[in-house]
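Working notes for the structure below.
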Amino acid sequence: MTSPGSKRLTIGLTGGVASGKTTAARAFEAHGVTVIDADRLARRVVEPEQPALEEIRRAFGDQVLDASGRLDRARLRRVVFGDDEARQRLEAIIHPRVREALIAERDEAGGPYVVLVVPLLVESQLHDLVDRILVVDVPEHLQLERLMQRDDIDEQLARRMIDAQLPRRRRLAHADDVLLNTGSPEQLRELVRRLHQRYMELHNGARKSLPPQHLPAPGQ
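87 is the number of the first residue of the sequence shown in this note's numbering; add one for each residue after it.
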């Protein structure tokens with residue numbers, strides 16, 4: 087968790103693939119909240135001239151670089167997908183650097199609270215950086231449908247991608263707040279508005295703490 091003396095609330099926003107994390111993050115930004123995206127930082131730490139890129143090349147070979155010497159993410163995914171040992175080697179290179187970058191940007195952020203968007207928040211052992219965990223949740227059948235449509239992939243690959251992540255019930259077990267994203271993007275933005283108000287209450291000291299919240303789409 088963040089330092090007890092810190093006045094800024096830190097929210098860890100997470101969720102399964104195709105659950106709606108990006109839409110939720112943009113909704114928080116629309117309220118003037120600083121949003122820090124771990125995926126953006128992960129891309130930054132493997133840019134050319136960064137030490138992590140050379141470590142990845144040594145670990146997986148030149149095959150994971152493109153003709154210009156940049157990381158070829160598609161090839162790297164093929165190398166590590168379904169290979170736990172390879173994935174763990176990659177994570178050992180990238181995750182510590184992403185953690186450092188998250189801390190630096192979090193500590194420099196202004197405003198009453200900040201949102202860290204981390205898809206693998208629990209799996210990456212990054213939940214100690216936040217005060218509350220917000221899970222954007224979606225039933226698996228809807229997640230599967232959205233993922234197939236979003237990435238234009240078949241059901242078999244979509245299921246493999248979902249199965250490679252933390253099971254839904256385990257992710258929810260870590261949640262302080264849940265946004266059930268079964269409606270439209272507009273409905274999800276309304277849920278974020280309500281949570282924004284509650285987080286402001288917590289920052290302003292209206293209550294010492296907020297109980298867990300499970301917010302379904304309006305009308306459900």
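Virtual Cβ for every residue (Gly too), placed ideally from N, Cα, C.
Item                                                                                                                                                 : Value
Would you decide whether Ser105 is buried or exposed? Buried here means 16 or more other CB atoms lie within 10 Å of its CB.                         : buried
Can you look up Arg156 in the DSSP assignment and give me helix, strand or coil?                                                                     : coil
Determine the direct distance from the alpha carbon of Arg163 to that of Pro205, and round the result to whole angstroms.                            : 16 angstroms
Among residues of its own chain, excluding the 5 on either side of Ile111, which ones have a beta-carbon nearer than 8 angstroms to its beta-carbon? : It is Ala, not Ile, that sits at residue 111 in the sequence shown. Here the set comprises Leu99, Val121, Asp123, Val201, Val203.
Classify Val208 as helix, strand or coil using the three-state DSSP reduction.                                                                       : coil
Start and end of the beta strand (DSSP E) containing Leu95?                                                                                          : 95-101
Using 8 angstroms as the Cβ pair cut-off and three pairs as the minimum, do the segment 171-186 and the segment 264-272 touch?                       : no
I'd like to confirm something about Asp238: is its beta-carbon nearer than 8 angstroms to some heavy atom of the ligand HEM, or not?                 : Looking at this structure, you won't find the ligand HEM or any other ligand, since it has none at all.
Whole angstroms is fine: what's the gap from Gly102's alpha carbon to Phe114's?                                                                      : 18 angstroms
Report the residue from Val222, Asp240, Val221 whose alpha carbon sits nearest the alpha carbon of Leu230.                                           : Asp240
With respect to the alpha helix (DSSP H) encompassing Leu265, which residues constitute its N-terminal and C-terminal limits?                        : Taken as a continuous stretch (DSSP letters only), Leu265 belongs to no alpha helix (DSSP H), being part of the beta strand (DSSP E) at 263-266.
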